[in-house]
Amino acid sequence: MLRKIAVSGCGNVGTALLELLCEKRAELKEKYGFEFEVTLISDLFKGTVADKNGLDLNAAINSLHTTNSLTGLNKDVRGEFGELLDSAEVNMLCEATPTNVETGEPALSHIKAALSKGIDVSTTVKGPLSLAYDELVALAKQNGAQLQFEGVVMSGTPFITMLNHGLAGCRILKIEGIINGTTNFILSKMYSGASYEEAFNTARELGYTETDPSGDIDAWDPAVKVVILTKMLYGKEISVSDVDRTGIANVTFEDMERAKEDGCTIKLIAGIENNHGDIKAYVAPKKIPMTHPLASINGAINAATVYTDNLGTTTIIGPGAGRRATGQAMLLDLLTMAGKK
Ligand code: HSE
Numbered sequence: 127m128l129r130k131i132a133v134s135g136c137g138n139v140g141t142a143l144l145e146l147l148c149e150k151r152a153e154l155k156e157k158y159g160f161e162f163e164v165t166l167i168s169d170l171f172k173g174t175v176a177d178k179n180g181l182d183l184n185a186a187i188n189s190l191h192t193t194n195s196l197t198g199l200n201k202d203v204r205g206e207f208g209e210l211l212d213s214a215e216v217n218m219l220c221e222a223t224p225t226n227v228e229t230g231e232p233a234l235s236h237i238k239a240a241l242s243k244g245i246d247v248s249t250t251v252k253g254p255l256s257l258a259y260d261e262l263v264a265l266a267k268q269n270g271a272q273l274q275f276e277g278v279v280m281s282g283t284p285f286i287t288m289l290n291h292g293l294a295g296c297r298i299l300k301i302e303g304i305i306n307g308t309t310n311f312i313l314s315k316m317y318s319g320a321s322y323e324e325a326f327n328t329a330r331e332l333g334y335t336e337t338d339p340s341g342d343i344d345a346w347d348p349a350v351k352v353v354i355l356t357k358m359l360y361g362k363e364i365s366v367s368d369v370d371r372t373g374i375a376n377v378t379f380e381d382m383e384r385a386k387e388d389g390c391t392i393k394l395i396a397g398i399e400n401n402h403g404d405i406k407a408y409v410a411p412k413k414i415p416m417t418h419p420l421a422s423i424n425g426a427i428n429a430a431t432v433y434t435d436n437l438g439t440t441t442i443i444g445p446g447a448g449r450r451a452t453g454q455a456m457l458l459d460l461l462t463m464a465g466k467k
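In my numbering, each number is its position in the sequence shown, counted from 1, plus 126.
Encoded structure:
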């Protein structure tokens, strides 16, 4: 079956996904029998292009790199998002517009439009899942569509797949880890002697930060991830305000120096504890000894330790942010969804 893919949002992640699809077309067909065309690419600022027979991916990527727009393709279209999905005959949507954690928009409307048409959705956008998880899962079910979101936590490191599939049959008692790449990058650089500003600017250049970087610095991003994980694992409706949240804005160079003198480092630690249905969720900078397993997790690498009844503890470590790593999350979602239909 030929998949017709829409990519919504051409920032770091959407563009990286286009690059991966282009680069791996032959490998995806040979190894997974995954054949596709990208028939719609839409970005609020860079333009919207469509061709139900398939867009020229090389041309799209080139146009994004050279002009930061899609107009070079001469395939411009206009219209309401649902209509565009119809006319481009889309059966898989990759939603990667910037996260708005207050409204979930525009991603929330895009995802609803697609699911209600029976279109499978992969998203890396956290807002819609933290605000409307149950509604979206129900909509997918009603319409025989699939909803995958590997990239919302730990980018392409398959943490969501591990929780949902690898640990099937286990009860998850507690999760503790580093689940924001930007702040871990900044804190690691500060540990090595860099200033906060220097570290922050490099993180931004490398594409780790949220569109609004306060999402990282003030720990909204890991708090929203905690909300999504809590909903996914325990079916509990908590909001971001229920997460005990402290960011890294007040961690100074001197704090880090003092921690070092004590044989410690400072890490932004997120956790979820389930005490017989009573959920405690938090994100906060913590001083931890260098012997602690999370102390050696540096840069934009994330790690999460999962405490279970059947397996004891299991730790997953891998990239937590970055354009190609998050593009990989969407590629995994596409292959997962294709394998189930
Ligand atoms: N800004 C996020 C981070 C991106 O730094 O972890 C990945 O969710």
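For every residue, glycine included, the Cβ atom is placed at its ideal position computed from N, Cα and C.
Quick caveat, the model's predicted, so the values are computed rather than measured.
Contacts around Ala421, its chain only, beta-carbon distance under 6 Å, and the 5 residues preceding and following it disregarded: Thr391, Ile414
Gln274 - DSSP class collapsed to helix/strand/coil: strand
Proximity to Thr462 [Cα-Cα], best of Leu154, Ala239, Leu144, Ser168: Leu154
Host beta strand (DSSP E) of Lys483 (start-end): The first residue shown for the chain is 127 and the last is 467, placing residue 483 beyond what the model contains.
Inter-stretch contact at 8 Å, needing at least 3 Cβ pairs: the stretch 368-379 / the stretch 417-433: no
Beta-carbon proximity check, Met218 vs Ser248, cutoff 9 Å: Remark: C-beta atoms of Met218 and Ser248 approach each other more closely than 9 Å.
Proximity of Phe207 and Ala176 at Cβ, strictly below 9 Å: no
Length of the line joining the Cα atoms of Arg410 and Leu394: Reading off the sequence, residue 410 comes out as Ala, not Arg. Here the alpha carbon of Ala410 sits roughly 5 Å from the alpha carbon of Leu394.
Phe162 to Ser256 span [Cα, whole Å]: Cα atoms of Phe162 and Ser256: separation of roughly 30 Å, rounded to the nearest angstrom.
Asn400 Cβ short of 8 Å to ligand 1 heavy atom set: no
Straight-line gap, Leu166 to Asn188 (C-alpha atoms, nearest Å): In this structure, the alpha-carbon of Leu166 lies about 16 Å from that of Asn188.
Through-space distance from Ile427 to Lys84, alpha-carbon basis: Residue 84 is absent from the model: the chain starts at 127 and stops at 467.
Residues near Gly295 in its chain [Cβ-Cβ closer than 8 Å; skip 5 each side]: Asn436
Per DSSP, the bridge partner or partners of Phe109: Because the chain is modelled from 127 through 467, residue 109 falls outside the range shown and cannot be assessed.
Complete runs of the alpha helix (DSSP H) confined to the stretch 255-326 [at least 4 residues]: 307-317
CB-CB length for Ala329 against Ile312, believed under 8 Å: 6 Å
Host alpha helix (DSSP H) of Asn138 (start-end): 138-149
Nearest-angstrom beta carbon gap, Gly373 and Ala345 [assumed within contact, 8 Å]: 4 Å
Own chain partners of Gly444 with C-beta closer than 6 Å, once the 5 adjacent residues on each side are dropped: So the qualifying residues of the chain are Thr283.
Nearest candidate by alpha-carbon position, reference Leu144, set Glu156, Arg384, His191, Asp381: His191
Cutoff 8 Å; reference Cys148; Cβ partners in own chain excluding five residues on either side: Leu183, Asn184, Ile187
Delimiting residues of the beta strand (DSSP E) encompassing Ala430: 427-434
Residues proximal to ligand 1 by C-beta, any heavy atom closer than 6 Å: Ser281, Asn306, Gly307, Thr308, Tyr334, Thr335, Glu336, Asp342, Asp347, Gly446, Ala447
Cα-Cα separation, Ser469 to Lys243: Residue 469 lies beyond the stretch modelled for the chain, which goes from 127 to 467, so this question has no answer here.
Burial state of Ala132 (16 or more Cβ within 10 Å): It counts as buried.
Own chain residues within Cβ distance below 8 Å of Arg449, not counting five before or after: Asn138, Val139, Thr141, Ala142, Gly333
Coarse secondary structure for Lys386, derived from DSSP in three states: helix
Alpha-carbon to alpha-carbon, Gly446 and Ile305: 7 Å
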